[in-house]
Amino acid sequence: MNSDEREKACNQYFQEQEPRDLESKVVDFLKHFSQRNATAIFKTLETLPLTELERTFGFRGNEIAEPVPVTESRLANAVLPIPTFAAFSSASSAQIRKDLWQEDDSGFAYFKHQAKGNPKNYIEHYISNPGDIELLPLEQAEQIIDKFGFNTVKLHLIFAAHTMNQDRPWDSKFSLKASDIIKYLGWDKRTDLPVHQKLSEIAKTAFVLDCLLVKSVWVEGRNKKGGINASTPTGRMWNVVVDPRGEQNSEGKVQKPEEVYITVQPGLIFHSFLNKAGSKLQKALYQFGYLAKSILRIDPYHDELALRLAIHLAMESRVHMSGKYRVETLLKHLLPHAKIDKARSDTRRGYDLKQHWDNALKLLRKLSWQIQFDESYPEWLQPGSKSKKPTDARKMKNIEWLLNAKITIRPPEPIPELLTNKVQPKLKASKQKKTAAIATGITSDQIRKGRNKKGWSQRKLAGWLGVSQSLVKMWEKGRRTPSEETEVKLRQILEIQD
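Listed below in structure tokens is the structure:
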């Protein structure tokens, strides 16, 4: 029976009824019709997409959304502890030196970092799909590598700073709001992009970091047979889950997010590398330095060389505490060598490079970096100098004078002091076990009194331990408790006895 026939039969049925029965018959008919439709709807409910449910029942997807993740507070300190071990530092370089990515014998894209202390040790970075560990060949990997840059390396540093803020950094997982990351980067002051576009950009950047793999080749010595023992752990640098929240479009996508939640977990390679590189996790955890948070706000569009320089020096500060460099050495770390060669052969390019270098130094000084010029860096060559180049110096180009000059660049206070004071408690195994045995739960009062007895600020104690000042503050307020390993250090450094 088609729809016309059904309609005709219904009309005939109702016309044949007595008026007094008509109302009850209509009610019965509607009840039957409603029940049949409801049964059909419930049978197909599980197969309906969320957008169809929204149109059918008139509710929005965010009314049945997952709970909002608990997120980390923004880091308020101007100076933030960050890891500086080789795999982390090389990951930073891999993102801003895209020119150094190559193709290996198997066709995979890779970036190689040679260890300074032992040329047999090296780090390699590869590209994979998000959530996968299968390596991508160069042609496919270039699509990811092209997205590397200053946004990814800044987010890399932000992840690292929050990692160091955890009680157990390498066994942690935390969530961040993209709106907080926007403030770290200074994008909240930008008026050229709407908020949803800024949030989307942060989300895309986080996805890119999830594609970065690290492989360390670490020679550990010779075995009894005379062969070389080595470890080659390979894994993801960061595990990232990106959760945009907002109204879905007809395709089920959130194109204009109202917020983006990013859950981050340091890759297991962190733990593996630290154990191998430092023999013991206790020792390796001291491979950290400090980041001046002002670096995150340097605009790469206007001050690219300054940002490259600041990031490189932040990674180097723990192992190169003097801060003294030859200018050419620094520039070769920051720029393609072909660009430096061109500056040497082309007067105009040489002038441009010196101008960029001078502007970078001026900006770092403005951000309270400490800069001292060596005798090899004459006054007439220094940024903003009004002195004229002496006649006897004119035999050599300005660019050659610059490349051969030496300069000392140190990060803002209190970073140099923190690096100088940072020591590792040298406990023998037996003494360490004994100390651990008496560690039966250090109290917030003991930490505060021990610190005050030393005459130290919370920041200074944080520097000795390699944690953030905010974490020390939470210990002293009783809001968090130190891990067993950290408690051992606290008792040793503050000379706390039960």
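Numbering (full-length UniProt numbering), first residue to last: 1 to 498.
From the three backbone atoms N, C-alpha and C, an ideal C-beta is built for every residue, glycine too.
Inside the stretch 100-187 only - alpha helix (DSSP H) runs reaching at least 4 residues: With a minimum length of 4 residues, the continuous alpha helix (DSSP H) runs that stay inside the stretch 100-187 are 138-145, 150-164 and 178-185.
Opening and closing residue of the alpha helix (DSSP H) in which G235 lies: The residue you call residue 235 lines up with position 235 of the sequence shown. DSSP places G235 outside any alpha helix (DSSP H); the residue lies instead in the beta strand (DSSP E), whose first and last residues are T234 to R236.
Nearest-angstrom beta carbon gap, A86 and H125 [assumed within contact, 8 Å]: Translated into the one-based positions of the sequence shown, residue 125 becomes position 125. Translated into the one-based positions of the sequence shown, residue 86 becomes position 86. Contact doesn't hold; Cβ gap of about 11 Å is too wide.
Minimum C-alpha distance to A292 - residue among V219, K256 and I158: Residue numbering aside, residue 292 sits at position 292 when the sequence shown is read from its first letter. Comparing Cα-Cα distances from A292 to each of V219, K256 and I158, the minimum goes to I158.
Assigned secondary structure, L427 (DSSP; H/G/I helix, E/B strand, else coil): The residue given as residue 427 occupies position 427 in the sequence shown. Residue confidence for L427 is low, a pLDDT of 39 falling below 50, so the modelled location carries little weight; the figure read from the coordinates is stated next. Three-state result, L427: coil.
Backbone secondary structure at F85 - three-state DSSP: In the sequence shown, residue 85 corresponds to position 85, counting from 1. If DSSP states are grouped into helix, strand and coil, F85 belongs with coil.
Short Cβ contact (9 Å threshold) for A78 with S317: One-based indexing of the sequence shown puts residue 78 at position 78. One-based indexing of the sequence shown puts residue 317 at position 317. For A78 and S317, no; Cβs fall outside 9 Å.
Beta-carbon proximity of F150 to I202, cut-off 9 Å: Taking the sequence shown and counting its residues from 1, the one referred to as residue 150 is at position 150. Taking the sequence shown and counting its residues from 1, the one referred to as residue 202 is at position 202. The answer is no: Cβ separation not under 9 Å.
Length of the line joining the Cα atoms of G478 and Q469: Your numbering for residue 478 matches position 478 in the sequence shown. Your numbering for residue 469 matches position 469 in the sequence shown. Rounded to the nearest whole angstrom, the C-alpha separation of G478 and Q469 is 14 Å.
Inside the UniProt domain "HTH cro/C1-type" (447-496) only - alpha helix (DSSP H) runs reaching at least 4 residues: With a minimum length of 4 residues, the continuous alpha helix (DSSP H) runs that stay inside the UniProt domain "HTH cro/C1-type" (447-496) are 458-465, 469-476 and 484-494.
Of the residues W238, Q248, L307 and L331, the one placed nearest L185, counting alpha carbons only: Residue 185 sits at position 185 when you count from the first residue of the sequence shown. Taking only the C-alpha atoms, the option nearest L185 is L307.
Pairwise C-alpha distance: N398 and A405: Here residue 405 is taken as the residue at index 405 of the sequence shown, counted from 1. Here residue 398 is taken as the residue at index 398 of the sequence shown, counted from 1. Pairing A405 with N398, the inter-Cα distance amounts to about 11 Å.
Own chain, CB closer than 6 Å to P416, minus 5 neighbours either side, in chain order: One-based indexing of the sequence shown puts residue 416 at position 416. Sequence-distant partners of P416 (beyond 5 residues in either direction) whose C-beta falls short of 6 Å from its own C-beta, in its chain, are R410.
Cβ-Cβ distance between V467 and P83 below 9 Å: The count along the sequence shown starts at 1 and reaches residue 467 at position 467. The count along the sequence shown starts at 1 and reaches residue 83 at position 83. No, Cβ-Cβ distance for V467 and P83 is not below 9 Å.
Alpha-carbon spacing of E304 relative to V241, whole angstroms: The sequence position of residue 304 within the sequence shown is 304, counting from 1. The sequence position of residue 241 within the sequence shown is 241, counting from 1. Their Cα atoms are separated by approximately 29 Å.
7 Å Cβ shell around Q382 - same chain, five flanking residues per side excluded: Your numbering for residue 382 matches position 382 in the sequence shown. Here Q382 has F373 as same chain residues with Cβ atoms under 7 Å from its own Cβ, once five neighbours each way along the sequence are excluded.
Residues bridged to F288 (per DSSP): Start at 1 with the first residue of the sequence shown, and residue 288 comes out as number 288. The partner list for F288 (beta bridge, DSSP) reads P83.
Identity of the residues DSSP links to N239 by a beta bridge: Taking the first residue of the sequence shown as 1, we reach residue 239 at position 239. Per the DSSP secondary-structure output, N239 pairs in a beta bridge with Q265.
Local conformation of R394 per DSSP, three classes: For the purposes of this step, residue 394 is taken as the residue at position 394 of the sequence shown. Coil.
Same chain only: Cβ atoms within 8 Å of V208, ignoring 5 sequence neighbours per side: On the sequence shown, position 208 is the one that residue 208 refers to. Scanning its chain for C-beta atoms nearer than 8 Å, with the 5 sequence neighbours on each side dropped, one finds around V208 the residues I144, K147, F148 and T152, in chain order.
For S345, the three-state DSSP class (helix, strand or coil): Counting from 1 along the sequence shown, the entry for residue 345 is found at position 345. DSSP places S345 in helix when its eight states are reduced to three.
Exposed unless 16 or more other CB atoms sit within 10 angstroms - verdict on R491: As a first step, residue 491 is located in the sequence shown; it is residue number 491 there, counting from the start. So R491 ends up on the buried side.
Other residues of its chain near Y261: CB distance less than 6 Å, five sequence neighbours each side excluded: Within the sequence shown, the letter at position 261 stands for residue 261. These residues qualify, in order along the chain: P69, S175 and D243.
Beta-carbon proximity check, A206 vs L155, cutoff 9 Å: Taking the sequence shown and counting its residues from 1, one reaches residue 206 at position 206. Taking the sequence shown and counting its residues from 1, one reaches residue 155 at position 155. The answer is yes: Cβ separation under 9 Å.
Rounded C-alpha distance that separates S430 from I493: In the sequence shown, counting from the first residue as 1, residue 430 sits at position 430. In the sequence shown, counting from the first residue as 1, residue 493 sits at position 493. In this prediction, S430 scores a pLDDT of 40, lower than 50, which makes its location untrustworthy; the coordinate-derived value is nonetheless stated afterwards. When rounded, the distance between both Cα atoms is 17 Å.
Short Cβ contact (9 Å threshold) for E72 with D180: As a first step, residue 72 is located in the sequence shown; it is residue number 72 there, counting from the start. As a first step, residue 180 is located in the sequence shown; it is residue number 180 there, counting from the start. In this structure, D180 lies closer than 9 Å to E72 by Cβ.
Beta-carbon spacing of T408, Y290 below 9 Å: Working through the sequence shown from its first residue, we reach residue 408 at position 408. Working through the sequence shown from its first residue, we reach residue 290 at position 290. In terms of Cβ geometry, T408 and Y290 do not form a close pair [threshold 9 Å].
Environment of R222 [buried if 16+ CB atoms lie within 10 Å]: For this step, residue 222 is matched to residue 222 along the sequence shown. By the 10 Å Cβ count, R222 comes out exposed.
heavy atom of the ligand GDP below 8 Å from I371 C-beta: As for the ligand GDP, it is missing from this structure, which has no ligand bound.
Cβ-based burial, D210 [other Cβ within 10 Å; buried from 16]: Here the question's residue 210 lines up with position 210 in the sequence shown. That one is buried.
N-terminal and C-terminal residue of the alpha helix (DSSP H) that Y301 is part of: The residue labelled residue 301 in the question sits at position 301 within the sequence shown. In the DSSP assignment, Y301 falls within the alpha helix (DSSP H) that extends over P300 to E316.
Beta-ladder partner(s) of K230, from DSSP: The sequence position of residue 230 within the sequence shown is 230, counting from 1. Note on identity: in this sequence residue 230 is Ala, with Lys being the wrong assignment. In the DSSP output, where bridge partners are listed per residue, A230 has V219.
Expected contact under 8 Å - CB spacing of M237 and L213 to nearest Å: Within the sequence shown, residue 237 is the residue found at index 237, counting from 1. Within the sequence shown, residue 213 is the residue found at index 213, counting from 1. That belief holds up - the Cβ atoms of M237 and L213 are roughly 7 Å apart, short of 8 Å.
Three-state secondary structure (DSSP) of I442: Numbered from 1 along the sequence shown, position 442 holds the residue referred to as residue 442. In the three-state scheme derived from DSSP, where H, G and I count as helix and E and B as strand, I442 is classed as coil.
First through last residue of the beta strand (DSSP E) which encompasses T408: As a working note, residue 408 is residue 408 in the sequence shown. According to the DSSP assignment, T408 belongs to the beta strand (DSSP E) that extends over K406 to R410.
Reduced DSSP secondary structure (H/G/I, E/B, other) of R190: Within the sequence shown, numbered from 1, the residue matching residue 190 stands at position 190. It is coil, neither helix nor strand.
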